[in-house]
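Chemist:
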Amino acid sequence: MVDKPQSGELFGVPYNFERPSLKRLVSSYWQPGDGMLVEKPFGIGYTLNLANWRAWIVLAVAGAMLYQERRGDGEEFEGEEADEPVEVVVD
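Just so we're aligned, residue 1 is where the sequence shown starts under full-length UniProt numbering, counting upward by one.
(1) Buried or exposed: which applies to Ser27, given that a residue is buried once 16 or more other Cβ atoms fall within 10 Å of its Cβ?
(2) Is it a yes or a no for the segment 11-20 touching the segment 31-49, going by three-plus beta-carbon pairs under 8 Å?
(3) Assuming Leu59 is part of the alpha helix (DSSP H), what are its boundary residues?
(4) Just mark Asp39 as buried or exposed, buried being the case when its beta carbon has 16 or more other beta carbons within 10 Å.
(5) Rounding to the nearest angstrom, what Cα-Cα distance links Asp83 and Leu48 in this structure?
(6) Considering only residues of the same chain and omitting the five flanking positions on each side of Arg24, which have a CB-CB separation below 7 Å?
(7) Pull up the distance between the alpha-carbon of Leu66 and that of Trp30, whole angstroms please.
(8) Which of the three DSSP states is assigned to Leu50 in this structure?
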């Protein structure tokens, strides 16, 4: 049998199934000269480059949205009763 390649690109999406090492993980998540997205050290696709300031903004926005969702007071629907029936008129 022919050995299948452990890393490469399929339809423009990178993949890498080689055993990850600590050095490879750190070097792939911290690439100062590259853009916001870099190839994943293990798996399929791309991940954030933590050496890029835009990646930190994305993480902050995602964290703020997660915090707001978990807080979930339901303040936006205070005036409405959810249990009352609603009348819908269709012409």
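A virtual CB, placed ideally from N, CA and C, is assigned to each residue, including glycine. Remember, it's a predicted structure, so these values are computed and weren't measured experimentally.
Modeler: So, to answer that:
(1) So Ser27 counts as exposed.
(2) Result yes; three or more Cβ-Cβ pairs closer than 8 Å.
(3) 53-71
(4) According to the sequence shown, residue 39 is Glu rather than Asp. Looking at its Cβ environment, which holds 16 or more other Cβ atoms inside 10 Å, Glu39 is buried.
(5) 44 Å
(6) Pro41
(7) Each residue's Cα considered, the two are about 24 Å apart.
(8) coil
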